[in-house]
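For reference, the structure discussed in these notes is given below.
Number of protein chains: 2
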Amino acid sequence: MSRSAQLVERILQGDRRAAARAISLLENHAPEARAIAEGLAGHRGKSFRVGITGPPGAGKSTLVDGLARELRKRDRTVGVVAVDPSSPFSGGALLGDRVRMGRALEDPGVFVRSMASRGTMGGLARSAQEAADVLDALGKDWVILETVGVGQSELAVAAACDVTVVVLVPEAGGAVQAMKAGLMEIADLFVVNKSDRPGADEMLAQLRETAHYLDREGWKVPILKVIAIQEQGLEALLDRLESYHAWLQEGERLEEKRLRQAALRIRDLVRARLEERLWLDPEVDAVVQENARHVLAGQLAVHQAAINVWGTVRERLTELEGI
Amino acid sequence: MSRSAQLVERILQGDRRAAARAISLLENHAPEARAIAEGLAGHRGKSFRVGITGPPGAGKSTLVDGLARELRKRDRTVGVVAVDPSSPFSGGALLGDRVRMGRALEDPGVFVRSMASRGTMGGLARSAQEAADVLDALGKDWVILETVGVGQSELAVAAACDVTVVVLVPEAGGAVQAMKAGLMEIADLFVVNKSDRPGADEMLAQLRETAHYLDREGWKVPILKVIAIQEQGLEALLDRLESYHAWLQEGERLEEKRLRQAALRIRDLVRARLEERLWLDPEVDAVVQENARHVLAGQLAVHQAAINVWGTVRERLTELEGI
Numbered sequence: 000m001s002r003s004a005q006l007v008e009r010i011l012q013g014d015r016r017a018a019a020r021a022i023s024l025l026e027n028h029a030p031e032a033r034a035i036a037e038g039l040a041g042h043r044g045k046s047f048r049v050g051i052t053g054p055p056g057a058g059k060s061t062l063v064d065g066l067a068r069e070l071r072k073r074d075r076t077v078g079v080v081a082v083d084p085s086s087p088f089s090g091g092a093l094l095g096d097r098v099r100m101g102r103a104l105e106d107p108g109v110f111v112r113s114m115a116s117r118g119t120m121g122g123l124a125r126s127a128q129e130a131a132d133v134l135d136a137l138g139k140d141w142v143i144l145e146t147v148g149v150g151q152s153e154l155a156v157a158a159a160c161d162v163t164v165v166v167l168v169p170e171a172g173g174a175v176q177a178m179k180a181g182l183m184e185i186a187d188l189f190v191v192n193k194s195d196r197p198g199a200d201e202m203l204a205q206l207r208e209t210a211h212y213l214d215r216e217g218w219k220v221p222i223l224k225v226i227a228i229q230e231q232g233l234e235a236l237l238d239r240l241e242s243y244h245a246w247l248q249e250g251e252r253l254e255e256k257r258l259r260q261a262a263l264r265i266r267d268l269v270r271a272r273l274e275e276r277l278w279l280d281p282e283v284d285a286v287v288q289e290n291a292r293h294v295l296a297g298q299l300a301v302h303q304a305a306i307n308v309w310g311t312v313r314e315r316l317t318e319l320e321g322i
Numbered sequence: 000m001s002r003s004a005q006l007v008e009r010i011l012q013g014d015r016r017a018a019a020r021a022i023s024l025l026e027n028h029a030p031e032a033r034a035i036a037e038g039l040a041g042h043r044g045k046s047f048r049v050g051i052t053g054p055p056g057a058g059k060s061t062l063v064d065g066l067a068r069e070l071r072k073r074d075r076t077v078g079v080v081a082v083d084p085s086s087p088f089s090g091g092a093l094l095g096d097r098v099r100m101g102r103a104l105e106d107p108g109v110f111v112r113s114m115a116s117r118g119t120m121g122g123l124a125r126s127a128q129e130a131a132d133v134l135d136a137l138g139k140d141w142v143i144l145e146t147v148g149v150g151q152s153e154l155a156v157a158a159a160c161d162v163t164v165v166v167l168v169p170e171a172g173g174a175v176q177a178m179k180a181g182l183m184e185i186a187d188l189f190v191v192n193k194s195d196r197p198g199a200d201e202m203l204a205q206l207r208e209t210a211h212y213l214d215r216e217g218w219k220v221p222i223l224k225v226i227a228i229q230e231q232g233l234e235a236l237l238d239r240l241e242s243y244h245a246w247l248q249e250g251e252r253l254e255e256k257r258l259r260q261a262a263l264r265i266r267d268l269v270r271a272r273l274e275e276r277l278w279l280d281p282e283v284d285a286v287v288q289e290n291a292r293h294v295l296a297g298q299l300a301v302h303q304a305a306i307n308v309w310g311t312v313r314e315r316l317t318e319l320e321g322i
């Protein structure tokens, strides 16, 4: 049995250290990564994947910590993938962010994995999903992906889950900011955290108005008030998430949602490989540079330059054997 | 003379209405768009392009308004492309955002054009740059691109300028948030607006520490205090921008920076066309869907599915005649 196959075997038996090792190998694109991914392929899809996102300072980590403990009370095992650089889970300490360790961490039924979001632009969503695949194979009932709602790759992490929770806090213009950041488009459920703060009711009203226009194929996007630090509203939140899970499992909703996401993952991977091959190719790059000089000299419009580059790109693509 | 050529001719003579019309045609990918872009190609590169970005609520629009008036005092003509949905220039009124019209708008030496940022994902940076090309040909000395610093395409607008100004306001964790949003990476100059607020000095200290590590090929990233609403610090800001402009013009810095940006624009356009052709192709889509089903069924790892799709992609690409 190969080392990769042994590692997969240990993950399937619930070995946490094997899971941690596999996630690292996948994240670092180690030579074993492909064999591990292939070994895990048959063991996906059992976990309920919950994406939790929102602006910095919304209290996502406290919420995830509380949710994990609430899940444990209901005898569910939990995996957490935290890609928020300010998360206590990811140990992020940017410019003095304090590291608070969640209480859920002390529970062996909770597996927490952190990922750095900086420096892995584009690859972040891929790595986070691969980590979730590992925790899925490890047998976690729920896998929570926590990510800060700033930047497209971070949003992609949350959007690629079975359910996407958007966490906001009452503040002037908070709903508008969320809209600008693209958070409205991906929310299946809104949480207004720190809802004892002034402005909570205005925010709820704004969100209700907005949620009214969101089309989720019949799912009415709920808006829940929570005070995560005081553990208020967490049970109700969990109840709603369970309802959503049940709703998804009616008919083919879950399968169709996951099918769309699998198609996205495939396209994303083809796109990423194509990009790597294309723009790092010295021949293509020489043509790009030459055309850029012509654009700068005023001899070419950008789209004419693109047409010129396209010729070379097409030639080079046909010479590539695989990806 | 064709209608496109006439339009270009009128722009070169300083006709504002012709400029407005050309921007609309380019933005809407009208049939005349290519001919207009080709007509303008020889008339780019004279304006100094300033990208101004920052989080929602940082006071960018007030700053741009003040900067435009300050530039007029120095007898420079100004074009503004505003892609911030909350900008008074773009007339954005999301969920009750108030529309304040800037005073600079009343000056015929200032041309202001707004763009909606929602719904043009990815194409936003292209459209904004094409609008800037038009204002360049129109003869504006400075072209300011104002964009909210949330989302990759918005950041791309600001990053594709000769100089990128990042505007922040004193608030707890503001510097950390800016770092997470990727604003640090693109800043050539920081402005702390509303600098009479508490926390301004802490923010300045944090930014100084961060700016220390930014590599701008010898340019020391300045951090300026401004109170845009009271017109405080705008002269000093303009002086610094002029210094940066002078610094860029030493040796080949400006040309090299613009060459890199032209190469980015070309690659971006090839990529966009490639994507359109690729994923909307029914043959490719059928293969993607089939492979997604296998992934879901646990028969395939995502990267194996991507390899399968790649075969079809390559075939289809070689059949495409142009872009």
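Residue numbers (numbering that gives the first Met the number 0), protein chains in the order written: chain A, 0 to 322; chain B, 0 to 322.
A virtual CB, placed ideally from N, CA and C, is assigned to each residue, including glycine.
Where does Pro351/B land, buried or exposed, given buried means 16+ other C-beta within 10 angstroms? Outside the shown range of chain B, which is 0 to 322, sits residue 351/B, and nothing can be said about it.
Chain A partners of Thr317/B, CB-CB under 8 angstroms? Position 318 of the second sequence, counted from the first residue, corresponds to residue 317/B. Those are Arg313, Leu316 and Thr317, listed as they occur along chain A.
Which of helix, strand or coil does DSSP assign to Lys224/B? As a first step, residue 224/B is located in the second sequence; it is residue number 225 there, counting from the start. Assigned with DSSP and collapsed to three states, Lys224/B falls in strand.
On the three-state DSSP scale, how would you describe Ala174/B? By one-based count along the second sequence, residue 174/B stands at place 175. Helix.
Could you please tell me which residues of the region 40-52 of chain B, in chain order, have their CB closer than 9 angstroms to any CB of chain E? Chain labels in this structure do not include chain E; the protein chains are A and B.
What residues in the region 226-259 of chain A have a beta carbon less than 9 angstroms from any beta carbon of chain B? Glu254, Arg257, Leu258 and Arg259
Chain-order list of residues whose beta-carbon lies under 6 angstroms from that of Gln5/B (same chain, five-residue window excluded): As a working mapping, residue 5/B is identified with position 6 in the second sequence. None.
In terms of residues, what are the limits of the beta strand (DSSP E) holding Leu144/B? In the second sequence, counting from the first residue as 1, residue 144/B sits at position 145. Leu144/B -> beta strand (DSSP E) spans Trp141 to Val147.
For chain A, check one thing: does any of its Cβ atoms lie closer than 8 angstroms to the Cβ of Leu279/B? In the second sequence, the residue the question calls residue 279/B occupies position 280. It does not; no Cβ of chain A falls within 8 angstroms.
Of all Cβ atoms in chain B, is any one closer than 8 angstroms to the Cβ of Pro30/A? To locate residue 30/A, count along the first sequence from 1; it is residue 31. For Pro30/A, the answer is no, since every Cβ of chain B falls outside 8 angstroms of its Cβ.
Report yes if the CB atom of Val190/A is closer than 8 angstroms to the CB atom of Leu223/A, and no otherwise. Looking up residue 190/A in the first sequence gives position 191. Looking up residue 223/A in the first sequence gives position 224. Cβ atoms of Val190/A and Leu223/A: closer than 8 angstroms.
Going along chain B, which residues have a C-beta under 9 angstroms from Ala131/A? Within the first sequence, the letter at position 132 stands for residue 131/A. Within chain B, no residue comes near Ala131/A; the closest Cβ sits about 12 angstroms away, beyond 9 angstroms.
Can you give, in chain order, each stretch of the alpha helix (DSSP H) that sits fully within the region 41-81 of chain A and has at least 4 residues? Runs found: 59-72.
Proximal chain A residues relative to Gly218/B, where beta-carbon distance stays under 7 angstroms: Walking along the second sequence from the start, residue 218/B turns up at place 219. The residue you asked about is not Gly; residue 218/B is Trp in the sequence shown. None at all; the shortest Cβ gap to chain A is about 21 angstroms.
Does the distance from the C-beta atom of Asp132/B to that of Leu247/B stay below 8 angstroms? Taking the second sequence and counting its residues from 1, the one referred to as residue 132/B is at position 133. Taking the second sequence and counting its residues from 1, the one referred to as residue 247/B is at position 248. Taking 8 angstroms as the cut-off, the beta carbon of Asp132/B is found no closer than this to the beta carbon of Leu247/B.
Locate the alpha helix (DSSP H) running through Val286/A, then write down its first and last residues. Here residue 286/A is taken as the residue at index 287 of the first sequence, counted from 1. Annotation: the continuous alpha helix (DSSP H) that includes Val286/A extends over Pro281 to Leu295.
Between Arg264/B and chain A, is there a C-beta pair that is closer than 8 angstroms? The residue you call residue 264/B lines up with position 265 of the second sequence. Yes, because at least one Cβ of chain A sits closer than 8 angstroms to the Cβ of Arg264/B.
For the alpha helix (DSSP H) containing Val7/A, list its first residue and its last residue. Against the first sequence, residue 7/A aligns to sequence position 8. Per DSSP, the unbroken alpha helix (DSSP H) holding Val7/A starts and ends at Arg2 to Leu11.
Gly13/A versus Ala57/A, Arg292/A, Glu282/A and Val77/A, residue with shortest Cα-Cα distance: Against the first sequence, residue 13/A aligns to sequence position 14. If we check each option's Cα against that of Gly13/A, Val77/A comes out closest.
Going by Cα to Cα distance, which pick from Leu299/B, Val286/B and Val111/B is closest to Trp309/B? Within the second sequence, residue 309/B is the residue found at index 310, counting from 1. Ranking Leu299/B, Val286/B and Val111/B by Cα distance to Trp309/B puts Val286/B first.
Out of Phe110/A, Leu66/A, Ala186/A and Leu11/A, state which residue places its alpha-carbon closest to the alpha-carbon of Val156/A. The sequence position of residue 156/A within the first sequence is 157, counting from 1. Minimum Cα distance to Val156/A is reached at Ala186/A.
For a cutoff of 8 angstroms on Cβ pairs, would you count Gln303/B as touching chain A? For the purposes of this step, residue 303/B is taken as residue 304 along the second sequence, with counting starting at 1. Yes, its Cβ sits closer than 8 angstroms to a Cβ of chain A.
Go ahead and pull the three-state DSSP assignment for Leu258/A. Taking the first sequence and counting its residues from 1, one reaches residue 258/A at position 259. Helix at Leu258/A.
What are the boundary residues of the beta strand (DSSP E) that Arg112/B is part of? Counted from its first residue, the second sequence places residue 112/B at position 113. Unbroken beta strand (DSSP E) run through Arg112/B: Val109 to Ser113.
By the DSSP assignment, the beta strand (DSSP E) with Val168/A in it spans what residues? Working through the first sequence from its first residue, we reach residue 168/A at position 169. Run containing Val168/A: none; DSSP gives neither H nor E here.
Using the Cα positions of Ser382/B and Ala227/B, report the straight-line distance between them to the nearest angstrom. The displayed coordinates of chain B run from 0 to 322. Any statement about residue 382/B would go beyond what the structure contains.
Suppose the cutoff is 6 angstroms on Cβ atoms and the five residues either side in sequence are ignored; what does the same chain contact list for His293/B look like? The residue you call residue 293/B lines up with position 294 of the second sequence. Once the five neighbours on either side are set aside, the close Cβ partners of His293/B are Leu299.
Please list, in chain order, the chain B residues whose beta carbon lies closer than 9 angstroms to that of Pro107/A. Taking the first residue of the first sequence as 1, we reach residue 107/A at position 108. Near Pro107/A there are no residues of chain B at all, since even the closest Cβ is about 27 angstroms away, more than 9 angstroms.
Under 8 angstroms by Cβ, that's how I've got Gln176/B and Pro55/B pegged, so tell me the actual separation to the nearest angstrom. For the purposes of this step, residue 176/B is identified with residue 177 of the second sequence, where counting begins at 1. For the purposes of this step, residue 55/B is identified with residue 56 of the second sequence, where counting begins at 1. About 11 angstroms separates the beta carbons of Gln176/B and Pro55/B, which is beyond the 8 angstroms limit, so they are not a contact pair.
Beta carbon proximity, Gly297/A to chain B, threshold 8 angstroms: Taking the first sequence and counting its residues from 1, one reaches residue 297/A at position 298. Cβ-Cβ to chain B under 8 angstroms: yes for Gly297/A.
Residue interval of the alpha helix (DSSP H) (run including Leu123/B): Residue mapping note: residue 123/B aligns to position 124 of the second sequence, counting from 1. Note, Leu123/B: alpha helix (DSSP H), Gly122 to Ala136.
For Tyr243/B, which of Val164/B, Asn307/B, Arg276/B and Gln288/B has the nearest alpha-carbon? Here residue 243/B corresponds to residue number 244 of the second sequence, with the count starting at 1. Ranking the options by Cα distance to Tyr243/B, first place goes to Val164/B.
Are any of the Cβ atoms in chain A nearer than 8 angstroms to that of Asn290/B? Numbered from its first residue, the second sequence carries residue 290/B at position 291. Yes, Asn290/B counts as interfacial toward chain A.
DSSP bridge partner residues for Thr163/B (one or two, in chain order): Here the question's residue 163/B lines up with position 164 in the second sequence. Answer is Gly50/B, bridged to Thr163/B.
Can you tell which of Ala199/A, Arg215/A and Asn192/A has its C-alpha closest to the C-alpha of Arg236/A? Position 237 of the first sequence holds residue 236/A. This sequence places Leu at residue 236/A; Arg is not what is there. For the residues Ala199/A, Arg215/A and Asn192/A, the minimum Cα distance to Leu236/A belongs to Asn192/A.
If you measure from the beta carbon of Trp141/A to each beta carbon in chain B, is any gap under 8 angstroms? Numbered from its first residue, the first sequence carries residue 141/A at position 142. Cβ-Cβ to chain B under 8 angstroms: no for Trp141/A.
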